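**Student:** Pasting a structure here, questions to come.
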Amino acid sequence: MRILLVGDTASLPAELTEFIADLGEDWQPLTATDGHAAMTAVATQGVDAVIVCPQLPDLNATTLLGQIRTLRPETIRIALVDAQHGNRPPPARLIGVAHRFLPLPLAPEVLLEALTSLEELREVLDSPRLRDAIGRIEKLPSPPHLYLSLTQALEHDDDADSADVAKLVAADPAIAAKVLQLSNSAFFSQGRTIADLRTAVTRLGLATLRDLVLASEVFSAPTLSGAERNSLQQRALMASRLAARLLPDSSAELGATAALLADIGLLLPGVRNERSEPEPADDDRPGHAEAGAYLLGLWGLPMPIIEAVAFHLQPQRANTRSFWVTGAVHVALALVNGDPVDEEYLQRAGVLNKLPQWREHANSLMGLVPSEA
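In terms of the UniProt record's numbering, the sequence shown opens at residue 1 and continues consecutively.
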């Protein structure tokens, strides 16, 4: 992979270039000190990913990444953001042209994690057509910054209490209001009024709260009507809770998040709804499952979630042959949407006998009737 680093040596020291070169012959670092040199490299050599500093001598990062999107839409675009901004999201215009954001100063281990995830993404979804289609979209859904900040905070502080978590959520009033609205719906509140974020954290639990934050961020796309947004969000939340119940505790959170995001591709323009539109021979639009998975990969979500979103409609394509996250997401989405379940796949995975019980769980969730199981 050719990785182009754009910026001065103060932001991108030579050690980072050497670090990439030391990863092996599969990695080729390139450098450019300004936007003009970067565009020359992109035009003449082509690059797989570009990492751009906030300030350049001739262009700002938004302009440069927009030009790269036009010239080479398949290039993965990464913007560096000053860590002093804390949990505030990057400027809206930059969000529209960048796939992923990394903090400055850029630590080698953070860079390694980002590059490794991009390599894994390309291995799972090796489709130039898909990369080109996603790259050309002028307004991608914004990465879920609050969800990612919340996840990072909890990973680094196992003792984070409800007040700390509530403070993070409260930093975005629109999301905070949506979380309170959802947590007071019949689906979550069980008749008990939740009046503040700290109570929501305590009663719902951290995993459920993160799902609500994620749903609030992801399904706020302006392309959806209010009714479409609510319908998609409610189905996603039901599938999320169901998928978590189909997996052991150690994998439940992965399954819940993957099911919540399984249909995120439907928010992208120019994709084909694979549930309602069979693939004709002359249709070059990507399917919504793989398109959504590719977007999640650009955001940097874990690979089991990406695979589950990509293959939940065809679970037999997953790399894992046993019943795991992809299988749980397939079953959960099929039952919630009223679609056929791939019983042949479940038979090969040795779990077909559990399907009747899973149907009961799904019916309980959708009917809001407590399950006895």
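Where a beta carbon is used, it is the ideal one built from N, C-alpha and C, also for glycine.
Quick caveat, the model's predicted, so the values are computed rather than measured.
For V110, count neighbouring C-beta atoms within 10 Å of its own C-beta (all shown protein chains included) and say buried if the count is 16 or more, exposed if not.
**Tutor:** The count along the sequence shown starts at 1 and reaches residue 110 at position 110. So V110 counts as exposed.
**Student:** Using the C-alpha atoms, what's the distance from P302 back to L308?
**Tutor:** Your numbering for residue 308 matches position 308 in the sequence shown. Your numbering for residue 302 matches position 302 in the sequence shown. The question names Leu, yet the displayed sequence has Ala at residue 308. Each residue's Cα considered, the two are about 10 Å apart.
**Student:** Pull up the distance between the alpha-carbon of P91 and that of L266, whole angstroms please.
**Tutor:** For this step, residue 91 is matched to residue 91 along the sequence shown. For this step, residue 266 is matched to residue 266 along the sequence shown. Approximately 25 Å between the Cα atoms of the pair.
**Student:** Inspect the beta-carbon positions of T62 and R100 and report whether they are closer than 8 Å.
**Tutor:** Along the sequence shown, one-based indexing puts residue 62 at 62. Along the sequence shown, one-based indexing puts residue 100 at 100. Contact: no.
**Student:** Identify which residue in D172, L112, S220, G297 has its Cα closest to the Cα of D22.
**Tutor:** Counting from one through the sequence shown, the residue named residue 22 turns up at place 22. The shortest C-alpha separation from D22 is found at L112.
**Student:** Excluding five sequence neighbours on each side, which residues of the same chain lie with their C-beta closer than 6 Å to the C-beta of F19?
**Tutor:** Here residue 19 refers to the residue found at position 19 of the sequence shown. Closer than 6 Å at Cβ, skipping near neighbours: P108.
**Student:** Nearest chain B C-beta to E123 closer than 8 Å, yes or no?
**Tutor:** Note that chain B does not occur in the displayed structure, where there is just one protein chain.
**Student:** What are the start and end residues of each continuous alpha helix (DSSP H) run of 4 or more residues lying completely inside the region 113-138, in chain order?
**Tutor:** DSSP runs (the alpha helix (DSSP H)) wholly in the region 113-138: 128-136.
**Student:** Does the beta-carbon distance from P29 to L5 come in below 8 Å?
**Tutor:** Along the sequence shown, read from residue 1 onward, the residue named residue 29 stands at position 29. Along the sequence shown, read from residue 1 onward, the residue named residue 5 stands at position 5. Yes, these two residues count as a Cβ contact at 8 Å.
**Student:** What residues in its chain sit with their C-beta under 7 Å from that of A334, if we drop five residues either side in the sequence?
**Tutor:** Stepping through the sequence shown from its first residue, residue 334 is reached at position 334. Cβ within range, chain order: P340, V341.
**Student:** Excluding sequence positions up to five away, which residues of its chain have a Cβ less than 8 Å from the Cβ of A114?
**Tutor:** For this step, residue 114 is matched to residue 114 along the sequence shown. The residues are I78, R100, L102, G300.
**Student:** Would you kindly work out how many angstroms separate the C-alpha atoms of D366 and Q234, rounded to a whole number?
**Tutor:** Numbered from its first residue, the sequence shown carries residue 366 at position 366. Numbered from its first residue, the sequence shown carries residue 234 at position 234. According to the sequence provided, residue 366 is Met. The question's Asp does not apply to it. Rounded to the nearest angstrom, the two C-alpha atoms are 10 Å apart.
**Student:** Taking only the alpha-carbon atoms, compute the straight-line gap between V329 and L197 and give it to the nearest angstrom.
**Tutor:** Taking the sequence shown and counting its residues from 1, one reaches residue 329 at position 329. Taking the sequence shown and counting its residues from 1, one reaches residue 197 at position 197. So the two alpha carbons sit approximately 29 Å from each other.
**Student:** Less than 6 Å between C-beta atoms, sequence neighbours within five positions excluded: which residues of the same chain meet that for A207?
**Tutor:** Stepping through the sequence shown from its first residue, residue 207 is reached at position 207. Correct list, in chain order: E253.
**Student:** Whose C-beta lies closer than 8 Å to the C-beta of L247 among residues of the same chain, with five residues either side of it excluded?
**Tutor:** Residue numbering aside, residue 247 sits at position 247 when the sequence shown is read from its first letter. Counting only Cβ-Cβ distances below 8 Å, and skipping sequence neighbours, we find L254, G255, W324, V325, A328.
**Student:** Label L16 either buried or exposed according to how many other C-beta atoms from any shown protein chain fall within 10 Å of its C-beta, with 16 as the threshold for buried.
**Tutor:** Taking the first residue of the sequence shown as 1, we reach residue 16 at position 16. Result: buried.
**Student:** Need the endpoints of the alpha helix (DSSP H) that D249 sits in, please.
**Tutor:** The count along the sequence shown starts at 1 and reaches residue 249 at position 249. D249 -> alpha helix (DSSP H) spans 249-261.
**Student:** Under DSSP, the beta strand (DSSP E) around D82 begins and ends at which residues?
**Tutor:** Along the sequence shown, read from residue 1 onward, the residue named residue 82 stands at position 82. Per DSSP, D82 belongs to the beta strand (DSSP E) from 76-82.
**Student:** Taking V124 as the reference, which of L352, R317, P356 has the closest Cα?
**Tutor:** Mapped onto the sequence shown, residue 124 falls at position 124. Considering only alpha carbons, the answer is R317.
**Student:** L71: buried (16+ other C-beta within 10 angstroms of its C-beta) or exposed?
**Tutor:** Here residue 71 refers to the residue found at position 71 of the sequence shown. L71 comes out exposed.
**Student:** Within 10 angstroms of its Cβ, does E290 collect 16 or more other Cβ (buried), or is it exposed?
**Tutor:** Residue mapping note: residue 290 aligns to position 290 of the sequence shown, counting from 1. Buried is the call here.
**Student:** Could you say which of R285, L268, A349, E217 lies nearest to L148 if we only look at CA atoms?
**Tutor:** Taking the sequence shown and counting its residues from 1, the one referred to as residue 148 is at position 148. Of the listed residues, the one whose Cα sits closest to L148 is E217.
**Student:** To the nearest angstrom, report how far apart V81 and A98 are at their CA atoms.
**Tutor:** Locating residue 81 in the sequence shown gives position 81, where the first residue counts as 1. Locating residue 98 in the sequence shown gives position 98, where the first residue counts as 1. For V81 and A98, the distance between alpha carbons rounds to 11 Å.
**Student:** Determine whether the beta carbon atoms of L180 and A153 lie at a separation below 8 Å.
**Tutor:** Your numbering for residue 180 matches position 180 in the sequence shown. Your numbering for residue 153 matches position 153 in the sequence shown. No; because the gap between Cβ atoms is not below 8 Å, this pair is not in contact.
**Student:** In this structure, how does DSSP classify R275 when only helix, strand and coil are distinguished?
**Tutor:** The residue you call residue 275 lines up with position 275 of the sequence shown. Note: R275 maps to coil in three-state DSSP.
**Student:** Along the chain, where does the alpha helix (DSSP H) containing P73 start, and where does it finish?
**Tutor:** Position 73 of the sequence shown, counted from the first residue, corresponds to residue 73. Unbroken run through P73: none, as it is neither H nor E.
**Student:** Taking all protein chains shown into account, do 16 or more other C-beta atoms lie within 10 angstroms of the C-beta of D263, making it buried, or fewer, making it exposed?
**Tutor:** In the sequence shown, counting from the first residue as 1, residue 263 sits at position 263. That one is buried.
**Student:** Is E74 closer than 8 Å to G135 when the C-beta atoms are compared?
**Tutor:** For this step, residue 135 is matched to residue 135 along the sequence shown. For this step, residue 74 is matched to residue 74 along the sequence shown. In this structure, E74 lies closer than 8 Å to G135 by Cβ.
**Student:** Helix, strand or coil for Q45 per DSSP?
**Tutor:** Position 45 of the sequence shown holds residue 45. Here Q45 sits in coil by DSSP.
**Student:** Mind reading off the beta-carbon distance from V50 to A38? Whole number of angstroms is fine, and I expect it under 8 Å.
**Tutor:** Position 50 of the sequence shown holds residue 50. Position 38 of the sequence shown holds residue 38. Between A38 and V50 the Cβ distance is about 7 Å, and since that is below 8 Å, they are a contact.
**Student:** Could you check if A293 is buried or exposed, using at least 16 other CB atoms within 10 Å of its CB as the buried criterion?
**Tutor:** Against the sequence shown, residue 293 aligns to sequence position 293. It counts as buried.
**Student:** With DSSP as the reference, label V351 as helix, strand or coil.
**Tutor:** Here residue 351 is taken as the residue at index 351 of the sequence shown, counted from 1. The answer is coil: DSSP assigns V351 none of H, G, I, E or B.
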